[in-house]
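Novice:
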Amino acid sequence: KRIYKLRKRNIHKPFLVLIKSPSDLKKFGIAYRGDSKIVGNRFWPGGVTIIFPCPNKKFSYLHRGTNTVAFRVPKPKWLREFLRISGPLVAPSANWEGSEPALTVTQSRKYFRNDIEFYLDGNTRKGLPSTVIGLGKSRIVVVRQGRVRIPSNVL
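For the sequence shown, counting from 1, position 53 maps to 53 in the working numbering; every step adds exactly one.
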């Protein structure tokens, strides 16, 4: 709830979750097999976020009633190591909803000032956000085109 308040975000919109590896999906009751495994093995770690079905009510605080949760295994090795220690993390962009995302800690502090306990500086973020894909029953759908292009033979 605090993240929603800080970001002035619609409480019905879910966040994505950063995980250290696909093995973390088990913690959410998600099976990593079939199309999801093919796509994940091809694009993770990296700039692709994959939306998985997650109907478990235990995780409604994440899926906000959508019964889906978006996950990404980030490319930076230091961040995956951090996730190994911390566990999965909700990872919103550093801005108020509808505003330009902060690309540096300095820009992020302009939004949140001292309302955040600590800032983790991963250097300047460059380029487009992650590409978001959904795994439908019979095909893969690009929900948001980002920095990684999904080849048509994968769709």
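We treat Cβ as the ideally placed atom computed from N, Cα and C, and that holds for glycine. Being a predicted model, the structure only gives us computed values, none of them experimental.
Could you tell me whether the stretch 45–61 touches the stretch 111–118, where touching means 3 or more Cβ pairs closer than 8 Å?
Specialist: Contact between the stretch 45–61 and the stretch 111–118 is absent, because fewer than three Cβ pairs lie under 8 Å.
Novice: In the structure shown, what three-state DSSP assignment does ILE38 receive?
Specialist: In the structure shown, ILE38 sits in a helix (DSSP, three-state: H, G or I).
Novice: So if DSSP puts ALA70 in a beta bridge, which residue, or which two residues, is it bridged to?
Specialist: Bridge partners of ALA70: LEU16, ILE51.
Novice: Quick one: using the 10 Å Cβ neighbour count with 16 as the cut-off for buried, is THR106 buried or exposed?
Specialist: Looking at its Cβ environment, which holds fewer than 16 other Cβ atoms inside 10 Å, THR106 is exposed.
Novice: If I follow the unbroken beta strand (DSSP E) through VAL148, where does it start and stop?
Specialist: Per DSSP, VAL148 belongs to no beta strand (DSSP E) and is neither H nor E.
Novice: I need the straight-line Cα distance from ILE51 to PRO74, nearest angstrom please.
Specialist: When rounded, the distance between both Cα atoms is 15 Å.
Novice: Work out the CA separation of LYS5 and ARG109 for me, nearest whole Å.
Specialist: Rounded to the nearest angstrom, the two C-alpha atoms are 16 Å apart.
Novice: Excluding five sequence neighbours on each side, which residues of the same chain lie with their C-beta closer than 8 Å to the C-beta of ALA91?
Specialist: Hits under 8 Å: PHE15, LEU16, VAL17, LEU18, ARG72.
Novice: Ends of the alpha helix (DSSP H) at ASP131?
Specialist: The question names Asp, but residue 131 is Thr in the sequence shown. From DSSP, THR131 is part of no alpha helix (DSSP H) but of the beta strand (DSSP E) over 131–135.
Novice: Just tell me which of GLY29, GLU100, LYS1, PHE43 has its CA closest to the CA of ILE133.
Specialist: Residue PHE43 is the option with its Cα nearest to ILE133.
Novice: Give the secondary structure of ILE3 by DSSP, where H, G and I count as helix, E and B as strand, and everything else as coil.
Specialist: Of the three classes helix, strand and coil, the one that applies to ILE3 here is helix, per DSSP.
Novice: Buried or exposed, going by whether 16 or more other CB atoms sit within 10 Å of the CB of ASP24?
Specialist: The residue in question, ASP24, is buried, as its Cβ has 16 or more Cβ neighbours within 10 Å.
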